[in-house]
Each structure stands twice: as structure tokens, then as C-alpha cells.
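*Asks:* Heads up: the sequence lines are chains A and B, in that order.
Per this note's numbering, the first sequence starts with residue 1, numbered consecutively.
Per this note's numbering, the second sequence starts with residue 1001, numbered consecutively.
From the three backbone atoms N, C-alpha and C, an ideal C-beta is built for every residue, glycine too.
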Amino acid sequence: RKEVEQDPGPFNVPEGATVAFNCTYSNSASQSFFWYRQDCRKEPKLLMSVYSSGNEDGRFTAQLNRASQYISLLIRDSKLSDSATYLCVVNSAGGTSYGKLTFGQGTILTVHP
Amino acid sequence: GAVVSQHPSWVICKSGTSVKIECRSLDFQATTMFWYRQFPKQSLMLMATSNEGSKATYEQGVEKDKFLINHASLTLSTLTVTSAHPEDSSFYICSARANPSGGGELFFGEGSRLTVL
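#1: Suppose contacts are defined by Cβ-Cβ distances below 8 Å. Is Ser116 (chain A) in contact with Phe21 (chain A) by that definition?
#2: List the residues of chain B that Glu43 (chain A) touches, going by C-beta distances under 7 Å, in chain order.
#3: Verify whether the separation of the beta carbon atoms of Leu74 (chain A) and Thr85 (chain A) is less than 8 Å.
#4: Just how far apart, CA to CA, sit Glu5 (chain A) and Phe1091 (chain B)?
#5: Please tell me whether Ser1025 (chain B) has its Cβ less than 8 Å away from any Cβ of chain A.
#6: Counting only runs of 3+ residues fully inside the segment 15 to 77 of chain A, write out the beta strand (DSSP E) ranges in chain order.
#7: Who are the neighbours of Glu1052 (chain B) on chain A, taking C-beta pairs under 9 Å?
#8: Alpha carbon to alpha carbon, how far is His1085 (chain B) from Gln1038 (chain B)? Give it in angstroms, no decimals.
#9: For Gly95 (chain A), name the three-state secondary structure that DSSP assigns.
#10: Whole angstroms are fine: how far does the CA of Gly1109 (chain B) sit from the CA of Cys1023 (chain B)?
#11: List the residues of chain B whose Cβ lies closer than 7 Å to the Cβ of Phe103 (chain A), in chain order.
#12: Measuring CA to CA, which of B:Thr1032, B:Ser1043, B:Lys1064, B:Pro1040 is closest to Val1049 (chain B)?
#13: Do Leu1074 (chain B) and Glu1052 (chain B) have their CB atoms nearer than 8 Å?
#14: Please check if any C-beta of chain A sits within less than 8 Å of the C-beta of Glu1105 (chain B).
#15: Helix, strand or coil: which one does DSSP assign to Leu87 (chain A)?
#16: I believe Ser1089 (chain B) touches Val1116 (chain B) by the beta-carbon criterion, under 8 Å. Please report the beta-carbon distance rounded to the nearest angstrom.
#17: Helix, strand or coil for Glu1087 (chain B)? Go by DSSP, reduced to three states.
#18: Report yes if the CB atom of Ser1043 (chain B) is closer than 8 Å to the CB atom of Gly104 (chain A), and no otherwise.
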């Protein structure tokens, strides 16, 4: 089983749609969780951290379910500029210090007019 | 925000040659930097953790004699792919944290795309 698993997609949605991505992780000791965004042939950039209570940043909402070892990202009112690969990232060594960041394979999103 | 810069962005080399990739933290000191590799349509895989002034820590399956890492200063880490072969063609990305205590956002370099002919 992969340490971090994502549905690779691709997800093709129209502008304005709501889309949700899921991610599961295998190390129950993991403490830090993130969603990164990666545009084609570019480096990943942090979209948002994921907190236990769930958190929202504008159109983006992240949820964490520790019992199920499951993370989600919800994007509301999709924009063309949201088209990218979304990476689920877990600090699999536990804690928030220098641990090994493990990346999921990414979920491809394409938003069309 | 913190900036990490990589050079070169693109490199094409002949099989058997060595290629050096530089990773610099431009406005902060990074005692630790990380080197990743990403093959097409795959996730980033951590290759090694580069520690300033000491030996790098390599992930399982990564050949330390093939991927030489040097972290001679607090703002520069280099990755040298020695005797490169076509299967080494990949996207190499470095990253670093601005927070020396270890928490906080991880900033990535722009990546270096290596093509070995």
C-alpha cells in the first residue's frame, strides 16, 4: 500500500463547479498534512495546511479525519486558473519538525469554460 | 516570502557525463535542504536530506555515490548526478524551510529538468 494515495483523476469540470479530492495515508503517527498545487512543469506550491478541525481559505476547504486517515480538499466555484495537479502531502515521520514529507501522486484538475 | 532558487532550469547532457544542480535559499539560511525527483506523471520522491556541514542522508534505494550532495554553506546545496544515463532523466527539485526549528512552510526551487541523451 502506498503511504499516500490519491485518485489521480483527471477531473474535468466546468467553471463554477464544486469539486472534491480525497487522499488517504497509511502512517497513523503522521501529524502534519498539506495540500500543494503543482502547475505543469513547475515546482509545487503550498495551497493550504490541513488542521484537525478543518479549515477554509476562500473557495478552498480542507478536512482531516484521523480515525479514517483521510484528507479531503473541496474547491467551490471553480475557476479556469484552478486547473493544476493537486498534491496531498503528509509529514510521515510525525510531529511538525523535520520529518519526511511524502507526496501523493497528485490529482489532475481541468476546469473548462 | 522565502525564495529558493535552482540552477540550471534545463540541462541536456550526453550519457556518461556529470551534471551539477545548484539550490540556493535567497533570503534565508537553510541548515537543511531536501532533494526530490519527479518522473512524468508520478509524485515527488524524496531522494536525500542535505545537511549543512555534514553528510547527506539518503533515502532507501538512492545511490549516494551516483547522486553526490554537498551543502557547504547555509544558503547553497548542490546535487551532482555522476555518470548520468538516460534513466536519470527527470525533474529534480530542491526545497528548504525558512524556519530553522523545523516547522512551517516548505519552499521549493523552480526545479531542474535533466535530459540525458
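*Replies:* Here's the rundown:
#1: Since the first residue of chain A shown is 1 and the last is 113, residue 116 (chain A) is not available in this structure.
#2: Ile1093, Phe1108, Gly1109, Glu1110, Gly1111
#3: no
#4: One C-alpha to the other measures close to 21 Å.
#5: no
#6: Taking only runs of at least 3 residues, the beta strand (DSSP E) segments lying wholly in the segment 15 to 77 of chain A are 19 to 25, 32 to 38, 44 to 50, 55 to 57, 60 to 65, 70 to 75.
#7: None at all; the shortest Cβ gap to chain A is about 13 Å.
#8: 16 Å
#9: Interpretation of Gly95 (chain A) is limited by its pLDDT of 45, a score under 50 that renders its predicted location unreliable; the figure taken from the coordinates is listed afterwards. It is coil, neither helix nor strand.
#10: 7 Å
#11: Ser1043, Leu1044
#12: Reading off the sequence, residue 1049 (chain B) comes out as Thr, not Val. With distances taken between Cα atoms, Thr1049 (chain B) lies closest to B:Thr1032.
#13: yes
#14: Cβ-Cβ to chain A under 8 Å: yes for Glu1105 (chain B).
#15: strand
#16: 5 Å
#17: helix
#18: yes
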